[in-house]
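Colleague: Protein chains in written order, with the working numbering: chain G, 1 to 135; chain H, 136 to 270; chain R, 271 to 405.
Quick one: this structure, given as structure tokens, is what I'll be asking you about.
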Amino acid sequence: MVISLHIRAPGQGLHNITDKVEPLVKNAGFIDGLCTLFIKHTSASLIIQENADPSAKRDLEAWLNRLVAENDPLYTHTLEGSDDMPAHIKNVLTSTSISIPIQNGKLALGIWQGIYLWEHRYSGGKREIVIHIGH
Amino acid sequence: MVISLHIRAPGQGLHNITDKVEPLVKNAGFIDGLCTLFIKHTSASLIIQENADPSAKRDLEAWLNRLVAENDPLYTHTLEGSDDMPAHIKNVLTSTSISIPIQNGKLALGIWQGIYLWEHRYSGGKREIVIHIGH
Amino acid sequence: MVISLHIRAPGQGLHNITDKVEPLVKNAGFIDGLCTLFIKHTSASLIIQENADPSAKRDLEAWLNRLVAENDPLYTHTLEGSDDMPAHIKNVLTSTSISIPIQNGKLALGIWQGIYLWEHRYSGGKREIVIHIGH
């Protein structure tokens, strides 16, 4: 089963999408299986991160923004805006696809884990995540 | 088939778990297939790395420890210890899930590849890795 | 279905392999499914990146080469050449496996996405990518 999920993040940063994925897994009705998420973009990515303390999320965003700075004199790919080349690099340092087993009919996420869309552009528009659910 | 593997790493660093995963694949009895590992934590991760020269493992650990330093003045998420925020960042820079094809009844690992649990906390306790084996 | 793909990259850097993977998916004849690529090496990796503007590719390579420098005094694993330890680190910061859903008989890649083999050695030789295609 392959389903497309369309999400428009309100801006740059981490956006929890766990509650958009869980119903798809429930509806699939598999007791055991594998759920794979794939993002069809090179300037936004997918990660699993802590869903509890918002300070962890903020620190993670700030740390990566410092590592992959805008306006780095190294960049030659600058026509699409100062946030574009950093977005491609951040995409590569994080993940384009994530696979989560389905156990007892549910995603086998740890108690503190959430699934996040990481929008790396200031205004990335609508993003498409393709989800495969299989046995 | 979905199986949970529980591992307590003796401390921070890379721990080879290949010999804990291989028997599960053998027992599954699939000639061809896919084995996916998922770690249910946000302060430990999974990687595939060289299993031969221990100096490569040590350099990798030292390099990442320097890149993602403890006590960075940027951190606000500090209540859980100086190793906690670096652990979340290291988790995101490495992998939460890895998929390895099964070929001729065995994991299709390269001759120098091992599967590693990377414990990012000094004392992370028991970690759970959920493993899906499918056709 | 599990297939091995052998590729010899002409040198260090990103090499687009999308047109080597697409025919395998087409031949498999699955309407819906999942295609997983796994690279059997620890000094080369797989990423999904922009296939349009070559400047994005060049900047990405230059940025990672600066972050993971050769001849870092931290390295003790130096016997295999100055490009070897950086190659292992770059491998860990990028991906060893990537899973792409198959939708309507094709890889569900975004319009700007290509699949790349990232050779991290100057002369890596022939690389083997194992590809699993399943329902």
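Built from N, CA and C at the ideal position, the CB exists for glycine as well.
Every value quoted in this text rests on a predicted model; they were computed, and no experiment measured them.
Using 7 Å as the threshold, is the C-beta distance between G/N71 and G/S82 below it?
Modeller: Residue numbering aside, residue 71 of chain G sits at position 71 when the first sequence is read from its first letter. Residue numbering aside, residue 82 of chain G sits at position 82 when the first sequence is read from its first letter. Yes, they are a contact pair.
Colleague: So with CB distances below 9 Å, who are the chain G contacts of H/H255?
Modeller: Here residue 255 of chain H refers to the residue found at position 120 when the second sequence is read from its first residue. Those do not exist, as H/H255 stays about 13 Å from chain G at its closest Cβ, beyond 9 Å.
Colleague: Just to confirm, are H/D194 and R/T346 a CB contact at a threshold of 7 Å?
Modeller: Working through the second sequence from its first residue, we reach residue 194 of chain H at position 59. Working through the third sequence from its first residue, we reach residue 346 of chain R at position 76. Their beta carbons are under 7 Å apart, which means H/D194 touches R/T346 by this criterion.
Colleague: Can you give me, in chain order, the residues of the segment 84–114 of chain G that have a beta carbon less than 7 Å from any beta carbon in chain R?
Modeller: Residues passing the 7 Å Cβ filter: M85, H88, I89, V92, L93, T96, S97 and S99.
Colleague: Can you name the start and end residues of the beta strand (DSSP E) that R/N286 belongs to?
Modeller: In the third sequence, counting from the first residue as 1, residue 286 of chain R sits at position 16. Element bounds for R/N286: G283 to N286.
Colleague: At a Cβ threshold of 7 Å, is R/L344 touching chain H?
Modeller: Position 74 of the third sequence, counted from the first residue, corresponds to residue 344 of chain R. Taking Cβ atoms only, chain H reaches closer than 7 Å to R/L344, which makes this a yes.
Colleague: Please report the distance separating the alpha-carbon of G/I48 from that of G/I115.
Modeller: Here residue 48 of chain G is taken as the residue at index 48 of the first sequence, counted from 1. Here residue 115 of chain G is taken as the residue at index 115 of the first sequence, counted from 1. Rounded to the nearest angstrom, the two C-alpha atoms are 5 Å apart.
Colleague: Can you list, in chain order, the residues of its chain with a C-beta nearer than 7 Å to that of H/N239? Leave out the 5 residues immediately preceding and following it.
Modeller: Reading the second sequence from its first residue, position 104 is the one you call residue 239 of chain H. So the qualifying residues of the chain are I166.
Colleague: Beta-carbon of R/K396 versus every beta-carbon of chain H: anything under 7 Å?
Modeller: Here residue 396 of chain R is taken as the residue at index 126 of the third sequence, counted from 1. Not closer than 7 Å to any Cβ of chain H, the Cβ of R/K396 fails to qualify, so no.
Colleague: Please report how far the alpha carbon of G/R127 lies from the alpha carbon of R/A326, in whole angstroms.
Modeller: Position 127 of the first sequence, counted from the first residue, corresponds to residue 127 of chain G. Position 56 of the third sequence, counted from the first residue, corresponds to residue 326 of chain R. One C-alpha to the other measures close to 20 Å.
Colleague: Give every residue of the same chain whose Cβ lies closer than 8 Å to the Cβ of G/W118, excluding the five residues on either side of it in the sequence, and list them in chain order.
Modeller: Here residue 118 of chain G refers to the residue found at position 118 of the first sequence. So the qualifying residues of the chain are G13, L14, H15, A44, S45, L46, I47, K90 and T94.
Colleague: Out of G/Q113, G/I102 and G/V68, which has the shortest C-alpha to C-alpha gap to G/I17?
Modeller: The count along the first sequence starts at 1 and reaches residue 17 of chain G at position 17. Among G/Q113, G/I102 and G/V68, the Cα nearest to that of G/I17 is on G/Q113.
Colleague: Counting C-beta neighbours from all protein chains within 10 Å, is the total for G/D84 16 or more, i.e. buried, or is it exposed?
Modeller: Residue mapping note: residue 84 of chain G aligns to position 84 of the first sequence, counting from 1. Per the 10 Å Cβ criterion, buried.
Colleague: Could you compute how far the alpha carbon of G/Y122 sits from the alpha carbon of G/I129?
Modeller: Residue numbering aside, residue 122 of chain G sits at position 122 when the first sequence is read from its first letter. Residue numbering aside, residue 129 of chain G sits at position 129 when the first sequence is read from its first letter. For G/Y122 and G/I129, the distance between alpha carbons rounds to 19 Å.
Colleague: Applying a beta-carbon distance threshold of less than 7 Å, which residues of chain G neighbour R/S325?
Modeller: Looking up residue 325 of chain R in the third sequence gives position 55. Under the 7 Å cutoff, chain G gives T76 and H77.
Colleague: Quick one: does H/H176 have its CB under 7 Å from some CB of chain G?
Modeller: What you label residue 176 of chain H is simply residue 41 of the second sequence in a count that begins at 1. So yes, H/H176 belongs to the interface.
Colleague: Output yes or no for whether 7 Å exceeds the beta carbon distance between H/G245 and R/K290.
Modeller: Your numbering for residue 245 of chain H matches position 110 in the second sequence. Your numbering for residue 290 of chain R matches position 20 in the third sequence. No, the pair does not count as a contact, with Cβ atoms beyond the cut-off.
Colleague: How far does the beta strand (DSSP E) with G/S99 in it extend, from its first residue to its last?
Modeller: Locating residue 99 of chain G in the first sequence gives position 99, where the first residue counts as 1. First-last of the beta strand (DSSP E) with G/S99: S97 to Q103.
Colleague: According to the Cβ coordinates, are G/H132 and G/T36 closer than 7 Å?
Modeller: For the purposes of this step, residue 132 of chain G is taken as residue 132 along the first sequence, with counting starting at 1. For the purposes of this step, residue 36 of chain G is taken as residue 36 along the first sequence, with counting starting at 1. A contact, by the Cβ cut-off of 7 Å.
Colleague: Do the CB positions of R/L304 and R/G404 come within less than 7 Å of each other?
Modeller: Walking along the third sequence from the start, residue 304 of chain R turns up at place 34. Walking along the third sequence from the start, residue 404 of chain R turns up at place 134. Yes. Within cutoff.
Colleague: On a CA-only basis, which of G/M1, G/L107, G/I7 and G/G11 is nearest G/A87? Give me that one, please.
Modeller: The residue you call residue 87 of chain G lines up with position 87 of the first sequence. Ranking the options by Cα distance to G/A87, first place goes to G/G11.
Colleague: Keeping to the same chain, check which residues put their C-beta closer than 8 Å to that of R/K296; ignore five residues upstream and five downstream.
Modeller: Your numbering for residue 296 of chain R matches position 26 in the third sequence. These residues qualify, in order along the chain: G375 and K376.
Colleague: Once the 5 residues before and after G/A52 are set aside, which same chain residues still bring their CB inside 6 Å of it?
Modeller: Residue 52 of chain G sits at position 52 when you count from the first residue of the first sequence. Contacts found: W112.
Colleague: Compare the Cα-Cα distances from R/E292 to each of R/I372, R/G395 and R/G394 and report the closest residue.
Modeller: On the third sequence, residue 292 of chain R is found 22 positions in, with the first residue counted as 1. The shortest C-alpha separation from R/E292 is found at R/I372.
Colleague: On the three-state DSSP scale, how would you describe R/S295?
Modeller: Working through the third sequence from its first residue, we reach residue 295 of chain R at position 25. First, the residue type needs correcting, since residue 295 of chain R is Val and not Ser in the sequence shown. Helix at R/V295.
Colleague: Using beta-carbon positions only, say whether G/A108 and H/L209 come within less than 7 Å of one another.
Modeller: Walking along the first sequence from the start, residue 108 of chain G turns up at place 108. Walking along the second sequence from the start, residue 209 of chain H turns up at place 74. No.
Colleague: Can you list the residues of chain R that G/H132 reaches, using a CB-CB cut of under 7 Å?
Modeller: Position 132 of the first sequence, counted from the first residue, corresponds to residue 132 of chain G. Going along chain R in sequence order, the residues near G/H132 (Cβ under 7 Å) are L304 and P371.
Colleague: Just verifying my parser: in three-state terms, what is the DSSP assignment at G/A62?
Modeller: Position 62 of the first sequence, counted from the start, is the residue given in the question as residue 62 of chain G. Here G/A62 sits in helix by DSSP.
Colleague: Any heavy atom of the ligand NAD within a distance shorter than 6 Å of the CB on H/R262?
Modeller: Looking at this structure, you won't find the ligand NAD or any other ligand, since it has none at all.
Colleague: I need the DSSP call for R/L349, collapsed to helix, strand or coil.
Modeller: Taking the third sequence and counting its residues from 1, one reaches residue 349 of chain R at position 79. DSSP places R/L349 in coil when its eight states are reduced to three.
Colleague: Decide if G/S99 is buried, meaning its Cβ has at least 16 other Cβ atoms within 10 Å, or exposed.
Modeller: By 1-based counting over the first sequence, the position of residue 99 of chain G is 99. Label assigned to G/S99: buried.
Colleague: Using the C-alpha atoms, what's the distance from H/V203 back to R/P324?
Modeller: Taking the first residue of the third sequence as 1, we reach residue 324 of chain R at position 54. Taking the first residue of the second sequence as 1, we reach residue 203 of chain H at position 68. Roughly 30 Å separates the two Cα atoms.
Colleague: Can you tell me which of R/L349, R/I277, R/A298 and R/A279 puts its alpha carbon nearest to the alpha carbon of R/M271?
Modeller: Position 1 of the third sequence holds residue 271 of chain R. Of the candidates R/L349, R/I277, R/A298 and R/A279, the one whose C-alpha sits nearest the C-alpha of R/M271 is R/A298.
Colleague: Taking a cut of 8 Å between CB atoms, which residues from the segment 22–33 of chain G lie near chain R?
Modeller: Listed in sequence order: no entries.
Colleague: For R/E320, which residues in chain G fall below 7 Å Cβ to Cβ?
Modeller: Start at 1 with the first residue of the third sequence, and residue 320 of chain R comes out as number 50. Chain G residues near R/E320: T42 and H88.
Colleague: Within 7 Å (strictly less), CB to CB, does G/I47 reach chain H?
Modeller: In the first sequence, the residue the question calls residue 47 of chain G occupies position 47. At least one chain H Cβ lies under 7 Å of G/I47.
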